[in-house]
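Quick note: the sequence shown uses the numbering used here, first residue 599, plus one each step. Glycine included, each C-beta is placed from N, C-alpha and C at the ideal position. The block underneath contains the structure these notes are about, expressed in structure tokens.
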Amino acid sequence: MPEERLQKILARAGFGSRRTAEDVIARGRVTIDGALATLGMKADPDTQRIEVDGNPIRLETRETTLLLHKPTGYVVTAHDEQGRRTIYDLLPDAPSHLRYVGRLDVDTSGLLILTTDGELAHRLTHPSREVEKEYEAWVTGVVPEAALEQLRRGVRLEDGTTRPALVERLPGEEPPTRARLVIHEGRNRQVRRMFEAVGHGVFRLQRTRMGPLELGDLHLGHSRKLTPEELNALREVVGLAPA
Ligand code: URA
Numbered sequence: 599m600p601e602e603r604l605q606k607i608l609a610r611a612g613f614g615s616r617r618t619a620e621d622v623i624a625r626g627r628v629t630i631d632g633a634l635a636t637l638g639m640k641a642d643p644d645t646q647r648i649e650v651d652g653n654p655i656r657l658e659t660r661e662t663t664l665l666l667h668k669p670t671g672y673v674v675t676a677h678d679e680q681g682r683r684t685i686y687d688l689l690p691d692a693p694s695h696l697r698y699v700g701r702l703d704v705d706t707s708g709l710l711i712l713t714t715d716g717e718l719a720h721r722l723t724h725p726s727r728e729v730e731k732e733y734e735a736w737v738t739g740v741v742p743e744a745a746l747e748q749l750r751r752g753v754r755l756e757d758g759t760t761r762p763a764l765v766e767r768l769p770g771e772e773p774p775t776r777a778r779l780v781i782h783e784g785r786n787r788q789v790r791r792m793f794e795a796v797g798h799g800v801f802r803l804q805r806t807r808m809g810p811l812e813l814g815d816l817h818l819g820h821s822r823k824l825t826p827e828e829l830n831a832l833r834e835v836v837g838l839a840p841a
């Protein structure tokens, strides 16, 4: 494993948040290979001996899988060249190898899965297994039933015709139209492009579900670990044995 910031390693070893871990370092309680550690140091927990109060730390070795309620305005990337805020700004204590599973546009909010488990991430995004994704879209104008039917059957986009989808109008005064979509693909800006193809713009988009995982009442900008039941349900849809 490459070098990582000491406070992140300590957070992963159960010394509270990154802030608390910084405090532990600042108080001179940490050593790396016997030498006193100071704030800002990096270390490699695989090759170096890290101790707190003279006791070697024990790292969490189990994989971590999280749900994040992504707000708009955050980019789903490890590093944004334009210097915009990224989802990792919302996850300061995350292990360095935590990867997002599928993207959401900067202007889309909702459920994003992140995991340290490479096999799970690979299976969840593989086209042969594309798990169901559910969205709620706020669409300009009144979308006629014929257009919704076209979206259900498939519309031609520049990268091919979309697969059959579940599309339904949600109750409420129109315009605008509020719709629920369930798709199996994960193409770039797919929902927005589908509505554009039938002449309507999406001005607000939220992902509410991915496979068996629901956004529920998770607050905007917050994240949480999956429950063991959720993790096993997710593993099951991609053909993995229970954790
Ligand atoms: N479809 C979109 O248009 N945008 C997203 O972020 C996800 C699906």
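According to the DSSP secondary-structure assignment, Tyr733 is paired through a beta bridge with Leu779, Arg805. Counting along the chain, the unbroken beta strand (DSSP E) around Glu649 starts and ends at 648 to 650. The alpha helix (DSSP H) runs lying completely inside the segment 655 to 728 and spanning 4 residues or more are 716 to 723, given in chain order.
Within the model, the alpha-carbon separation for Leu764 versus Ala839 is close to 29 Å. Cβ neighbours of Val704 within its own chain (closer than 6 Å, five residues either side excluded): Val673.
Taking the CA atoms as reference points, His720 sits about 20 Å from Gln788. At least one heavy atom of ligand 1 sits closer than 7 Å to the Cβ of Tyr733. In terms of side-chain proximity, the C-beta atom of Val789 is found nearer than 7 Å to a non-hydrogen atom of ligand 1. Using a Cβ distance threshold of 8 Å, His695 and Val737 do not count as a contacting pair.
The shortest C-alpha to C-alpha distance from Ile781 to any of Glu772, Thr759, Glu771 is the one to Thr759. Residues of the same chain with a CB within less than 6 Å of the CB of Val800, apart from the 5 flanking positions on each side, are Ala735, Val737, Arg790, Phe793 in chain order. Spatial neighbours of Asp678 in its own chain (CB-CB distance under 7 Å, excluding positions within 5 residues in sequence) are listed in chain order as Thr684. Proximity of the beta carbon of Leu829 to ligand 1 is not indicated: no heavy atom of the ligand is located closer than 7 Å. Counting other Cβ atoms within 10 Å of its Cβ, Pro774 reaches 16 or more and is therefore classed as buried.
Rounded to the nearest whole angstrom, the C-alpha separation of Ala692 and Pro742 is 45 Å.
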